[in-house]
Amino acid sequence: MPGRVARHHVREEIQRRILSGETKPGERLSQQSLARELSVAQGTVRESLFELQWLGLVESVDRMGVFVGTLDVNRICQAYQVREPLEGLAARLSCGNAAPRDIAALSEMAEEIYHFAKKGKEEAMGKLDRKFHFHITELSRNKILLRLAETYRVLGMTVRASREPQIIHDEHMAIVGAIEKNQPDDAERLARHHVAETVKTIEAQARQGTFVPKWVD
């Protein structure tokens with residue numbers, strides 16, 4: 364397996380284990396064991412773990428090794444602080460790039476997200492919500508922005524902040540409408556507001572002791 368492909372495969376597999384809960388926060392990751400288990404060189408595992416460290420999924424402790432990152436509200440909120448301006452920029456840059464089929468796809472996803480939320484299907488809702496936002500980022504046609512989005516998208520997989528489904532749906536449709544009408548200022552403002560409201564919800568739940576961060580694939 365070529366080095367680049369092998370590294371991608373190893374990174375994705377370790378990420379899957381962390382996000383699914385198969386590998387727990389605080390658990391030590393042995394490079395030697397992972398290399399043997401995944402049939403790759405230790406160097407490939409080391410490079411993959413370095414990429415996951417950049418994403419915030421693992422932490423390196425001097426002379427002790429690499430461990431699965433421990434989640435906390437501060438880390439998640441910091442990720443959302445980064446996400447807010449980047450989501451706004453993505454929505455702004457999407458204006459003028461979105462074809463009718465893109466608008467239709469985003470609208471359909473927003474409707475399905477609302478449907479899943481009303482049915483209490485949180486896992487399906489979360490996956491589709493990430494797809495919705497990532498599609499907007501793709502429409503920005505900015506490769507650097509896409510790369511940066513990977514960081515906060517991974518940490519966003521930990522969040523199940525309870526917000527009213529109708530409000531989320533209205534915010535999604537407002538963003539799509541601004542993109543469709545080629546209104547970059549409104550698109551950016553609405554996208555930033557959408558993220559900021561999620562942060563407020565997380566912080567409020569944290570103060571009440573009702574927010575429990577959890578890796579969600």
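Residue 509 in the numbering used here is what sits at position 146 of the sequence shown, and the numbering runs on without skipping anything. Note that beta-carbon positions come from the ideal geometry of N, C-alpha and C, so glycine has one too. Owing to the predicted nature of the structure, the values given are computational and were not obtained by experimental measurement.
**Message:** Closest to Pro547 by C-alpha separation, out of Ala453, Arg379, Glu390, would be which residue?
**Reply:** Ala453
**Prompt:** Taking the continuous beta strand (DSSP E) assigned at Glu527, which residues delimit it?
**Reply:** Counting along the chain, Glu527 falls outside any beta strand (DSSP E), and DSSP gives it neither H nor E.
**Prompt:** Can you find a heavy atom of the ligand ATP that lies under 7 angstroms from the Cβ of Ile507?
**Reply:** Among the components modelled here there is no ligand, and therefore nothing to report on the ligand ATP.
**Asked** Which class does Leu509 belong to by DSSP, given the choice of helix, strand or coil?
**Response** helix
**Request:** Kindly confirm or deny that the segment 418-428 and the segment 469-485 touch, where touching means at least three C-beta pairs closer than 8 angstroms.
**Result:** no
**Through-space distance from His496 to Thr407, alpha-carbon basis** = 31 angstroms
**Message:** Considering Cα atoms alone, identify which of Ile507, His535, Ala480 is closest to Leu449.
**Reply:** Ile507
**Prompt:** If you follow the beta strand (DSSP E) that Glu422 is part of, which residue opens it and which one closes it?
**Reply:** 421-424
**Prompt:** Mind checking whether Arg526 and Thr564 have CB atoms under 8 angstroms apart?
**Reply:** yes
**Run of the beta strand (DSSP E) containing Val408, from where it starts to where it stops** = No beta strand (DSSP E) contains Val408, which is instead part of the alpha helix (DSSP H) from 405-418.
**Message:** Please classify Glu551 as buried or exposed, where buried requires at least 16 neighbouring CB atoms within 10 angstroms.
**Reply:** buried
**Request:** Taking Gly627 as part of the beta strand (DSSP E), name the residues at either end of that continuous run.
**Result:** Because residue 627 is not part of the residues shown, which for the chain are 364 to 580, the question remains open.
**Asked** Using the C-alpha atoms, what's the distance from Gly389 back to Arg446?
**Response** 25 angstroms
**Item:** Beta-carbon proximity check, Leu456 vs Ser393, cutoff 8 angstroms
**Value:** no
**Every unbroken beta strand (DSSP E) inside the segment 537-573 [3 residues or more]** = none
**Prompt:** Roughly how many angstroms separate the alpha carbons of Ala541 and Glu410, rounded to a whole number?
**Reply:** 41 angstroms
**Prompt:** In terms of alpha-carbon separation, which member of Val562, Cys458, Leu397 lies closest to Asn505?
**Reply:** Cys458
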